[in-house]
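K.L.:
Per the numbering used here, the very first residue in the sequence shown carries number -7; after that it's consecutive. We put the CB at the ideal spot given by N, CA and C, even for glycine.
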Amino acid sequence: MSNPAPAARPAVPPLDLLVIGSGVAGLSAAVRAAEVHGLQVGVLTKGELEQGSTRWAQGGVAAVLDTDPDSTDLHLADTLAAGSGLCDREAVRVLVEEGPARVNELIAMGAVFDRDPDGRLQLAREGGHSLARVVHAGGAATGAEVERALVVAVRDTAAALLERWFAFDLIVREGRCAGVRALAPTGEVVEVAARNVLLATGGAGQLFSVTTNPAEVTGDGIAMALRAGVAVADLEFMQFHPTALHSSAMPRPLLTEALRGHGALIRDIRGERFVDELQPRDVVSRAITTQMLADGTDHVWLDATGLEQFGDRFPTIAAALADAGLDPATDLLPIAPAAHYLSGGAVTDLRGATSLPGLWAAGETSCTGVHGANRLASNSLLEGMVFGPRVIEAIADGSEGPEPTGAMRAVLEPDADDEVAAITLPPGPRPVPGPLSARSSRSASRHAQQLMFTEKAGVLRTAESLRAAHAISFAHREEIGPPTTPEAWELANLCDVGCALALAALVREESRGAHTRADFPDRDDTRFRARLVHR
Ligand code: FAD
Ligand code: SIN
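1. Using 10 angstroms around the beta-carbon of SER240, count the other beta-carbons present and answer buried if the total reaches 16, otherwise exposed.
2. Just to confirm before moving on: does the CB-CB distance between ALA192 and ALA54 stay below 8 Å?
3. Taking only the alpha-carbon atoms, compute the straight-line gap between VAL292 and ALA256 and give it to the nearest angstrom.
4. Where does GLY34 fall in DSSP's three states?
5. Classify ASN188 as helix, strand or coil using the three-state DSSP reduction.
6. Mind checking who TRP293 pairs with in its DSSP beta bridge?
7. Closer than 6 Å by C-beta to THR64: which residues in its own chain qualify, once you throw out the five before and the five after it? Chain order, please.
8. Residue range of the beta strand (DSSP E) that PRO234 falls in?
9. Within 10 Å of its beta-carbon, does PRO(-4) have 16 or more other beta-carbons around it, so buried, or fewer, so exposed?
10. Check whether the Cβ atoms of LEU186 and LEU348 sit closer than 8 Å, and answer yes or no.
11. Helix, strand or coil for MET(-7), going by three-state DSSP, please let me know.
12. Can you tell me the Cα-Cα spacing of ALA506 and ARG438, whole angstroms?
13. Alpha carbon to alpha carbon, what distance is there between GLN301 and LEU524?
14. Tell me whether SER358 sits in a helix, a strand or coil according to DSSP, three-state version.
15. Count the other C-beta atoms from every protein chain shown that fall within 10 angstroms of the C-beta of GLY44, then say buried if there are 16 or more, exposed otherwise.
16. For ASN205, is the classification buried or exposed, using 16 other Cβ atoms within 10 angstroms of its Cβ as the cut-off for buried?
17. From GLY355, GLY390, CYS359 and ARG219, pick the residue whose C-alpha is nearest to that of LEU529; which is it?
18. Taking 6 Å as the limit between beta carbons, can you name the residues of its chain near ALA133, skipping five residues before and five after?
19. Would you kindly work out how many angstroms separate the C-alpha atoms of THR248 and GLY51, rounded to a whole number?
20. Go through its chain and collect everything with a Cβ distance to PHE105's Cβ below 6 Å, but skip five positions before and after it.
21. Confirm, please, whether the CB-CB distance from GLY364 to SER76 is below 8 Å.
22. Roughly how many angstroms separate the alpha carbons of ALA103 and ALA141, rounded to a whole number?
23. Taking the alpha carbon of SER391 as the reference point, which residue from HIS238, ALA170, ALA345 and VAL224 has its own alpha carbon closest?
24. Could you name the residues whose beta carbon sits closer than 5 Å to any heavy atom belonging to the ligand SIN, keeping them in chain order?
25. By DSSP, does CYS79 sit in helix, in strand, or in coil?
26. Where does ASP517 fall in DSSP's three states?
27. Report yes if the C-beta of GLY34 is less than 7 Å from at least one heavy atom of the ligand FAD; otherwise report no.
28. Could you tell me the alpha carbon to alpha carbon distance between GLU183 and ARG469, rounded to whole angstroms?
29. When we look at the beta-carbon of PRO329 and count the other beta-carbons within 10 Å, is it buried (16 or more) or exposed?
30. Which residue's Cα is closest to the Cα of HIS462: ASN485, LEU452 and CYS491?
31. Out of MET284, ASP319, ALA286 and ARG343, which has the shortest C-alpha to C-alpha gap to THR297?
32. Where DSSP assigns a beta bridge to TRP352, which residues make up the other side?
33. Across which residues does DSSP place LEU334 in a beta bridge pair?
34. How would you label THR477, buried or exposed, when you count the other beta carbons within 10 angstroms and need 16 or more for buried?
35. Among residues of its own chain, excluding the 5 on either side of VAL383, which ones have a beta-carbon nearer than 7 Å to its beta-carbon?
36. Could you check the C-alpha separation between LEU493 and SER201 for me, to the nearest Å?
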């Protein structure tokens, strides 16, 4: 499926590491590689350095920075509970133990987090957390500050910064990843060679027409991995954030979970409460969707009227609401769930190695096993900050291939894990056998694909809807043919990832975490305490 045009060579120095993507995961890795180990690092990214989900992150970073009364054991327990039986305990242990040091390094690098008048970091509580442990910046503008600090550092240290370059395929030579094929800003196809490649291309929220994710989040790295036969898992666990502002904006403005941590309530269309607001977000999103269906409405309400000093604590949210003509002191805020975070991706071991030697993955593109079936709020920035740098330590140690640790055990030792088993799915898009009630509109466009996917593979799924989601994604992909522009590649990637997600969701005949099957409403630990791996 590679672009057939001849590939040119770019004028970049020989690279020890090529990082694809410039969010928290890619930049945390790039800065460490250059600063601590003196590696020659290139960062290739399809937009400006600042683009990606990271800069939009609101609530904060979950990390135990104050051990009274909190502890990493409690953070671990909350993460495992949110993950509904599919987290890799070792990976979560790494996340919670190493997270605080990574946050402190970011602060030393210049990131400014919110503090009390006495100088202590302010800690917020979010859904699924048993205590307040989320550090934040600018009220609810944490990602912008994290990204700002990392961009400053990487501009000082990287050997090459390739902005507005679009990676579309992995180069695999003699069983090893040797670089990527990319479209240069000129539109020319270029081969960028590197001894190691780190996929840090973020998630795939743009699969859906209702999402909090910016336009560039199109699953490119996961699609590249799928096309190269790299093991990919947990794709069925797309997390829907419960409190996106109900509006026609795309992406949907997010009303941070920290609002509920501060006491905001969720009310149905009659003004009645119907869910415990501080449960993990899969539970809250499901309750909202069920309530909307029962009431025949397209939204419920977030009631923040009781929150004091809203504008001081959440200035960016207050501004977004004012733009929408809403005053949180007096108005109920219309909300509905929106696609937000992909828990799965390219399977890695505990040091970020994928199943293809020379290829590493970190951040939302990866499946380290820390999120299981549902990510705990504010564990994502943390994952990028912890596992991006781990890749660099592995490369610096001369590590070559994956080891049977973390989620990689499901690939290398599928029968050895006594907690989470593995089920292997076919690697590439292909038709799913069985009856079909829907066909492709034969009008492949991003919007058509997104609308279809939201309807058929959204919060509530059935075998029938998922077969249709798969078949239409497959037909759209065939209709696109060999892409030649970034826009066409993005749509192709959405279709490839859509096929794989729909297939996994079809095979998983149970409801668990962020994956809800209306036709299989119960969790089934006998058949499905397992990672579904595309190979
Ligand atoms: P990203 O930050 O998405 O970066 C991916 C990079 O890859 C981008 O630079 C992109 O341009 C580049 N790229 C993609 N494809 C290609 C390609 N083909 N070629 C070249 N470059 C490519 N998480 C939290 O922990 N706390 C929060 O408070 C929080 N709030 C959030 C609020 C919103 C509105 C959103 C959308 C997400 C939020 N999240 C939060 C989730 C979190 O922001 C993301 O999961 C995280 O930032 C992902 O980081 P990343 O480095 O993996 O990917
Ligand atoms: C939010 O602020 O609600 C988003 C937090 C997250 O996605 O982790």
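P.N.:
So, from the listed chains and residues:
1. Here the question's residue 240 lines up with position 248 in the sequence shown. When all chains shown are included, SER240 counts as exposed.
2. Along the sequence shown, read from residue 1 onward, the residue named residue 192 stands at position 200. Along the sequence shown, read from residue 1 onward, the residue named residue 54 stands at position 62. Contact flag unset, no.
3. Position 300 of the sequence shown, counting from 1, holds the residue named residue 292. Position 264 of the sequence shown, counting from 1, holds the residue named residue 256. Looking at the two C-alpha atoms, the distance is approximately 13 Å.
4. Residue numbering aside, residue 34 sits at position 42 when the sequence shown is read from its first letter. Strand.
5. If you number the sequence shown from 1, residue 188 lands on position 196. In the three-state scheme derived from DSSP, where H, G and I count as helix and E and B as strand, ASN188 is classed as strand.
6. Sequence index remark: in the sequence shown, residue 293 carries index 301 (1-based). Answer is ARG259 and PRO326.
7. Along the sequence shown, read from residue 1 onward, the residue named residue 64 stands at position 72. Closer than 6 Å at Cβ, skipping near neighbours: VAL56, VAL88 and GLU89.
8. Within the sequence shown, residue 234 is the residue found at index 242, counting from 1. Bounds of the beta strand (DSSP E) holding PRO234 are 230 to 237.
9. As a working note, residue -4 is residue 4 in the sequence shown. Below a pLDDT of 50, predicted positions are generally treated as unreliable, and PRO(-4), at 47, falls in that range; the measurement from the model is reported next regardless. Around the beta carbon of PRO(-4), fewer than 16 other beta carbons lie within 10 angstroms, which makes this residue exposed.
10. In the sequence shown, the residue the question calls residue 186 occupies position 194. In the sequence shown, the residue the question calls residue 348 occupies position 356. The sequence shown places Ala at residue 186, rather than the Leu named in the question. The Cβ atoms of ALA186 and LEU348 lie no closer than 8 Å to each other.
11. The residue given as residue -7 occupies position 1 in the sequence shown. Unreliable placement is indicated for MET(-7), whose pLDDT of 41 sits below 50; no coordinate value is reported for it.
12. Against the sequence shown, residue 506 aligns to sequence position 514. Against the sequence shown, residue 438 aligns to sequence position 446. Rounded to whole angstroms, the gap between the alpha carbons of ALA506 and ARG438 is 24 Å.
13. Here residue 524 corresponds to residue number 532 of the sequence shown, with the count starting at 1. Here residue 301 corresponds to residue number 309 of the sequence shown, with the count starting at 1. LEU524 and GLN301 have their C-alpha atoms roughly 46 Å apart.
14. Against the sequence shown, residue 358 aligns to sequence position 366. Residue state, collapsed to three classes: strand.
15. Counting from 1 along the sequence shown, the entry for residue 44 is found at position 52. Flag for GLY44 reads buried.
16. In the sequence shown, the residue the question calls residue 205 occupies position 213. It counts as buried.
17. Residue coverage of the chain in this structure runs from -7 to 527, which leaves residue 529 outside it and unanswerable.
18. Start at 1 with the first residue of the sequence shown, and residue 133 comes out as number 141. If you ignore the 5 residues before and after ALA133, its C-beta comes within less than 6 Å of the C-beta of THR308, all in its own chain and listed in chain order.
19. As a working mapping, residue 248 is identified with position 256 in the sequence shown. As a working mapping, residue 51 is identified with position 59 in the sequence shown. About 6 Å.
20. The sequence position of residue 105 within the sequence shown is 113, counting from 1. Taken in chain order, the residues that qualify are LEU113, VAL127 and ALA129.
21. Walking along the sequence shown from the start, residue 76 turns up at place 84. Walking along the sequence shown from the start, residue 364 turns up at place 372. Taking C-beta atoms as the reference points, SER76 and GLY364 count as a pair closer than 8 Å.
22. Sequence index remark: in the sequence shown, residue 103 carries index 111 (1-based). Sequence index remark: in the sequence shown, residue 141 carries index 149 (1-based). In this structure, the CA atom of ALA103 is about 5 Å from the CA atom of ALA141.
23. Taking the sequence shown and counting its residues from 1, the one referred to as residue 391 is at position 399. That would be ALA345, whose Cα lies nearest to the Cα of SER391.
24. That gives GLN50, GLY51, THR248, GLU249, ALA369 and SER370.
25. In the sequence shown, residue 79 corresponds to position 87, counting from 1. Three-state DSSP puts CYS79 in coil, outside helix and strand.
26. For the purposes of this step, residue 517 is identified with residue 525 of the sequence shown, where counting begins at 1. Correct three-state label for ASP517: helix.
27. Taking the first residue of the sequence shown as position 1, residue 34 is located at position 42. In this structure, the C-beta of GLY34 stays at least 7 Å away from each heavy atom of the ligand FAD.
28. Translated into the one-based positions of the sequence shown, residue 183 becomes position 191. Translated into the one-based positions of the sequence shown, residue 469 becomes position 477. Rounded to the nearest angstrom, the two C-alpha atoms are 24 Å apart.
29. Stepping through the sequence shown from its first residue, residue 329 is reached at position 337. By the neighbour-count definition (other C-beta atoms within 10 Å, threshold 16), PRO329 is a buried residue.
30. Position 470 of the sequence shown, counted from the first residue, corresponds to residue 462. For HIS462, the nearest C-alpha among the options comes from CYS491.
31. Translated into positions along the sequence shown, residue 297 becomes position 305. Ranking the options by Cα distance to THR297, first place goes to ASP319.
32. Along the sequence shown, one-based indexing puts residue 352 at 360. Listed as beta-bridge partners of TRP352 by DSSP are LEU190 and ALA345.
33. Against the sequence shown, residue 334 aligns to sequence position 342. LEU334 has MET230 as its beta-bridge partners, per DSSP.
34. In the sequence shown, counting from the first residue as 1, residue 477 sits at position 485. Result: exposed.
35. Counting from 1 along the sequence shown, the entry for residue 383 is found at position 391. Closer than 7 Å at the Cβ level, and outside the excluded window around VAL383, lie ALA21, LEU190, ARG343, GLY344, TRP352 and ALA354.
36. For this step, residue 493 is matched to residue 501 along the sequence shown. For this step, residue 201 is matched to residue 209 along the sequence shown. Near 16 Å, if we compare the C-alpha coordinates of SER201 and LEU493.
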